[in-house]
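The structure appears below as structure tokens.
There are 4 protein chains.
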Amino acid sequence: MAEEMQAVVKVRGEPNGTELLTVDVPRPGVNDVLIKIKTASICGTDVHIFNWDAWSANRIKPPLIYGHEFAGEIVEVGNNVKNAKVGDHVSGECHIACGYCFNCRSGLAHVCKDTKIFGVDVPGIFAEYAVIPAANVWHNDPALSPEICSIQDPLGNAIHTIFSTDVVGRDVAVLGVGPIGAMAVSICKNIGAAQVFAIGRKNTYRTELAKKVGADFTYLAADDVKGDVMDKTDGKGVDVVLEMSGNTNAVVQGLDLLRPGGTISLLGVYADKLTLDLSTQVVFKYATIKGINGRLMFDTWYRMKGLLKNERIANDMKTIITHNYEFKDFQQAMEKMRSGNSGKITLHVGD
Amino acid sequence: MAEEMQAVVKVRGEPNGTELLTVDVPRPGVNDVLIKIKTASICGTDVHIFNWDAWSANRIKPPLIYGHEFAGEIVEVGNNVKNAKVGDHVSGECHIACGYCFNCRSGLAHVCKDTKIFGVDVPGIFAEYAVIPAANVWHNDPALSPEICSIQDPLGNAIHTIFSTDVVGRDVAVLGVGPIGAMAVSICKNIGAAQVFAIGRKNTYRTELAKKVGADFTYLAADDVKGDVMDKTDGKGVDVVLEMSGNTNAVVQGLDLLRPGGTISLLGVYADKLTLDLSTQVVFKYATIKGINGRLMFDTWYRMKGLLKNERIANDMKTIITHNYEFKDFQQAMEKMRSGNSGKITLHVGD
Amino acid sequence: MAEEMQAVVKVRGEPNGTELLTVDVPRPGVNDVLIKIKTASICGTDVHIFNWDAWSANRIKPPLIYGHEFAGEIVEVGNNVKNAKVGDHVSGECHIACGYCFNCRSGLAHVCKDTKIFGVDVPGIFAEYAVIPAANVWHNDPALSPEICSIQDPLGNAIHTIFSTDVVGRDVAVLGVGPIGAMAVSICKNIGAAQVFAIGRKNTYRTELAKKVGADFTYLAADDVKGDVMDKTDGKGVDVVLEMSGNTNAVVQGLDLLRPGGTISLLGVYADKLTLDLSTQVVFKYATIKGINGRLMFDTWYRMKGLLKNERIANDMKTIITHNYEFKDFQQAMEKMRSGNSGKITLHVGD
Amino acid sequence: MAEEMQAVVKVRGEPNGTELLTVDVPRPGVNDVLIKIKTASICGTDVHIFNWDAWSANRIKPPLIYGHEFAGEIVEVGNNVKNAKVGDHVSGECHIACGYCFNCRSGLAHVCKDTKIFGVDVPGIFAEYAVIPAANVWHNDPALSPEICSIQDPLGNAIHTIFSTDVVGRDVAVLGVGPIGAMAVSICKNIGAAQVFAIGRKNTYRTELAKKVGADFTYLAADDVKGDVMDKTDGKGVDVVLEMSGNTNAVVQGLDLLRPGGTISLLGVYADKLTLDLSTQVVFKYATIKGINGRLMFDTWYRMKGLLKNERIANDMKTIITHNYEFKDFQQAMEKMRSGNSGKITLHVGD
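Chains as they are written, first to last, in my numbering: chain A, 1 to 351; chain B, 1001 to 1351; chain C, 2001 to 2351; chain D, 3001 to 3351.
Here it is, written out as structure tokens:
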């Protein structure tokens, strides 16, 4: 096996601090696996690290190989590993949980108090090889391409958010039409949502993408969304709001669109504070607000595997992956992602 | 308005006891509506009454206008009626509930202790006009044809059964491929079931229909179903069984196909007794068995309205309605239904 | 039957605008019942009306008989009434729902869009007789006193809030220790909550009352609640927060005490706006926020009936009713309620 | 540390095949802990092994140290163990799960396909020392005695069964009043069940015990249970049946007592076959039947820890432990257990 590899490293805490370097191939511990990466995909979190914003400056300790969305093949396993073997085609859950705290033992491992995320807190997968704990390994359906397998982390976010509510046969508003918003639109429509209203801020590239994968109606923030939604729902409002924009104005808009007794689930990261009139917006409305992050380990993954057997869903995911770059062109890929004129972007790392 | 009308009446308690007669148009009470029937559809229950089997002999008191599945237009309303008006396009929930017992006040009106079913306990809708309580009225989506609207009662049964479980992204076995079984297959696939295994007894007309509306795999009772299902589910078994055949052998088969921790929901009417080894088939398997009947009033109806906005589902329903007869040809329609070589059969009553 | 009666009437929109007047006994419509009131109890809403605050000025149209919590005996029923008869001992759900909208037909009648509340929007029960719709009648357990029966409306609020979460065997913080907070403390402890932390603002009369009915630990707002709660929950935080104070600072405190994955349910009416950092307080915490009002019609009432069979709970309710005034001393009762040095206050109206 | 220890060993596959022997103290593997047993308690399963019935003959491979309910102190830990240390006071979940199959990763580890039970499939804890996997360790509340800690396995069974239903404020029938039935009665009453009907077969010792820990009404199989239950539930029937007798006649009786829409959960091991009329007993009744075994790992354990903070529950458990024998008097303890004239029986092994 190779002893050196190419890796995307945040070498310095600054906007220009990312470099493609030659580094040692990492060695797996007794409970780990070593994976040859085939495809990686770029998350909004990676853009934050690339840009070196306030969140990154606070959380990331350079030098760090970042990236956490991938598909690959196992090339070595630790002595204590029983659930994986060399040659397995896998992706991985990026939350490394302790396994023994209250959350881990109550079905909430994704909010384990001591959780570490690879590509954020420990070395990630923007590299030719990567080590992850065997407990985080997910075996991929051989029928799926590495590109689709590599986006299961964000698709899992979307599915986790959707299944925190009840969308089948219901009217749904999806706020925010970035890659995860588009995935949510597709899943909602493909599991029988009555009407999906997809609302972007200003980028028509992305509302168009939402439309391609099934949105019944798309809007920009400046449109009269409320009037139209009320009209199309017989004055009831939507049953479910999926907030995926990270914009607090969208949360306020979502609560306004929501019917009495409905649920709004929040996947975004919100830079601004939210101000609420709890009585009218929540209490008298009998509304439920849910904060969502990560994926249920591994209920969400199993449900995702089942959903991806559906050809319409798999095809929509292909549509949502709008660009595929060679690994060496990482900087270009990041620039494209930052432009907003893309869906999901994958990187071809190896075969 | 007309004072007389044509109606299908069980006049005598015998197999040849059904006649098309001219009778008085019924008069609505203060809490009732009078409906001009456009389309009626034929339920298995109607076949029982037509055949005059043991169940019918015990329950039905001739003379009785039977039938309970319909779509029509309101032509008169009682003085106390607030939720419906002349000209409304409606169908109706056939369970007449008291509204005040524990069940009615706990979201279980469909199992109200004093429930009466129209077309069974009180006069039904195989007629040019029919009276039902305003509380039972369901307003139809104007985008749907009367044929599709008329089958919401059995489609509601299928949806109620499906939503007593968790099929999205899961493997599902549907046992029994009559009209409701076919509806269940379509809904499961259209809401994202991973794989649907449809199992009939011996009638290939109906397994073919199940295939047309989305079954991934179809079987007859004589096939090696277990081996194939285990193979296709990585040895796990199906997550959910929907038993819609009314055959106790199918229940046993369903429990055998079910994975540990799975759910089997039973919609059938079972003439034979079932013998179970509770320890191995239920307790150690951590299985859940649910008896289902009717539809949630009106949660199931709202969800159905949302699902029918989905074009694929609406089209499948058209496929499942294999025959449409003129009202006067009622006897022929019943003969076709009895043959088993049909899906759902509707009757064109008026315009 | 008497033709005139004594009633508490808001005659003028001002703080001194409440008078005890002689008025006509109301007449029931066909769907109504006439009730001879035995006991009424005073709600915070009644204090708002008495005080004539901003909310009242906006909502109440004098002259109005107010009050909505009661126990009494039916003395007359309308022609169309089937679920009640003269001599029945009853209380009543104060939300008058239309019965036919989406909410009413989906188990959410308490948030019916056209809901009217008696004692707020239509005449109430601070009177010797009152008319309510038969649909709102609740038959009381004959084993219970009229005093306890009269407080089922607020007790139902508390139970509805508690059952929107999962408190059995869990750690619970109750914020706000007015009468409903005290009821919540009692119910939580009597259904097996692990530890109940009751937090008041500054009134020790009420934290003492909370202690009497089972709070494991009581605090005032100035105390170091966080440190103590974390210590007593092994650093985990509480599983459930029941916010019953109507104070937005308490909401912030509640979110701070809540463990990852926990639920905070809000029963209060919040005069101030709430400002949240959604990312840290909700999203990364995987928290659920539920707005609660009213009672499930009638699931909450049935559960309450079952809980009140428990002697410990019934005794706690007696403890929580700290004062009982004669009807004629209504003004004194209101003054006592306004002082904060009371639990629940009942009025003896008739026998 | 000692190198030899006393242990209860099934040495031969026959009724007289149990002996108290001196054997080597076992050695923990890297992922295991070695525990000094303080208290063990006797399960019905142990009686089966002692008696050497058909089930035992099929499952158990002598020689085997049996027993699986205990409390003790950790005296050694494997190199890879992170969640436990020497000196910890612990009990243990007896199901050893693989951790990686669908069930294990879906919150259903207790029905892991490769599950092994210590004291059944691998060496157990009727001994001075025992080895279990660290993953199975449960840290006990220091406020509880070793006797109470040792019965958490069966108490967990009872709690798991209860929480598969909804008993708070509801009417419950508990069928079977052995130790687990008595535990169920206590928990139901202490979490606010409205009325608990406890039904034994013929042993008044045990119905008396059920009464002591809170049963509102007790019956023997020969009594007119149905008439009395219907009378006391206003003709409705019970909302929940907890079947803990392992007798199929009791299952039939339970379904008969159950209200429409109710749930019956089955914890028993059933030697006889059950014959059902599915239509009347399940389908038209809208009944749910749940098979239960084991405990949720570890949701049930956390809830149990919370419930045991309740003094009434802890005291009831003391009442249910009717006998405590010295370890050397194991044979006498088994004889007492077989007599039926006991509640739970514990063995004092060490300090």
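In this text, a Cβ means the ideal position worked out from N, Cα and C, and glycines have one as well.
Check                                                                                                                       : Outcome
Contact with chain B by LYS309 of chain A, beta-carbon distance below 8 Å                                                   : yes
Min CB distance ALA3287 of chain D to chain E below 8 Å                                                                     : The structure shown contains no chain E; its protein chains are A, B, C and D.
Whether THR2346 of chain C touches ALA2143 of chain C by CB criterion (8 Å)                                                 : no
Contacts of LYS3273 of chain D in chain B (Cβ-Cβ under 7 Å)                                                                 : THR1275, LEU1276, ASP1277
Same chain, Cβ closer than 8 Å to VAL3111 of chain D, five either side skipped, listed in chain order                       : ASN3103, ASN3293, GLY3294
Sequence-distant residues of the same chain with beta carbon closer than 7 Å to CYS94 of chain A, five excluded per side    : HIS68, ILE117, PHE118, GLY119, ASP153
SER3106 of chain D at chain A interface by Cβ criterion, 8 Å                                                                : yes
Through-space distance from PRO1026 of chain B to ASN2083 of chain C, alpha-carbon basis                                    : 27 Å
ASP166 of chain A in three-state terms, based on DSSP                                                                       : coil
Helix, strand or coil at TRP2138 of chain C according to DSSP, with G and I counted as helix                                : strand
Chain A residues whose Cβ lies nearer than 8 Å to that of PRO2260 of chain C                                                : ASN103, LEU108, VAL111, LYS113
Test: THR3248 of chain D CB closer than 8 Å to a CB of chain B                                                              : yes
Status (buried if at least 16 other CB within 10 Å, exposed otherwise) for ARG1012 of chain B                               : exposed
Pair within 8 Å by beta-carbon distance, LEU3108 of chain D and TYR1286 of chain B                                          : yes
Check whether MET352 of chain A and LEU274 of chain A have beta carbons under 8 Å apart                                     : Because chain A in this structure spans residues 1 to 351, residue 352 of chain A falls outside the shown range and cannot be described.
Within chain A, partners of VAL2174 of chain C - CB distance below 9 Å                                                      : The premise fails here: VAL2174 of chain C is roughly 17 Å from chain A at the closest Cβ pair, so nothing lies under 9 Å.
C-alpha distance - SER3106 of chain D paired with GLY1227 of chain B, whole-angstrom precision                              : 24 Å
Within 7 Å of chain B by C-beta, residues of the segment 2323-2341 of chain C in sequence order                             : none
Residue closest to PRO146 of chain A, alpha-carbon to alpha-carbon, out of A:LYS10, A:CYS188, A:ASP299, A:ASP88             : A:ASP88
Cβ-based burial, ALA2135 of chain C [other Cβ within 10 Å; buried from 16]                                                  : buried
Reference PHE2330 of chain C; option with closest CA among C:MET2001, C:LYS2010, C:GLU2003                                  : C:LYS2010
Other residues of its chain near ASN2079 of chain C: CB distance less than 8 Å, five sequence neighbours each side excluded : VAL2030
Cβ distance (whole Å) where THR233 of chain A is taken to contact LEU220 of chain A below 8 Å                               : Rounded, the Cβ-Cβ distance is 20 Å, inconsistent with contact.
Same chain only: Cβ atoms within 7 Å of ASP2256 of chain C, ignoring 5 sequence neighbours per side                         : LYS2226
Minimum Cβ-Cβ distance from GLY227 of chain A to chain C less than 8 Å                                                      : no
Proximity test, Cβ basis, 8 Å: ARG3303 of chain D and chain C                                                               : yes
Alpha-carbon to alpha-carbon, ILE151 of chain A and THR1115 of chain B                                                      : 52 Å
Min CB distance ASN1083 of chain B to chain C below 8 Å                                                                     : yes
Closest Cα partner of GLU128 of chain A within the set A:SER339, A:ASP141, A:ALA222, A:ASP24                                : A:ASP24
Chain-ordered chain C contacts of PHE1298 of chain B [CB-CB under 8 Å]                                                      : ARG2105, SER2106
Assigned exposure category for THR22 of chain A - 16 Cβ within 10 Å defines buried                                          : exposed
MET334 of chain A - containing alpha helix (DSSP H), residue span                                                           : 330-339
C-beta neighbour in chain D for ALA2054 of chain C, strict 8 Å                                                              : no
Whole-angstrom distance between LEU3296 of chain D and HIS3160 of chain D, CA atom to CA atom                               : 7 Å
Range of the contiguous beta strand (DSSP E) that encloses GLY3092 of chain D                                               : 3089-3092
Chain C contact residues for GLY291 of chain A, given Cβ-Cβ distances below 9 Å                                             : LEU2278, SER2279, GLN2281, VAL2282, VAL2283, PHE2284, LYS2285, TYR2286, ALA2287, THR2288, ILE2289
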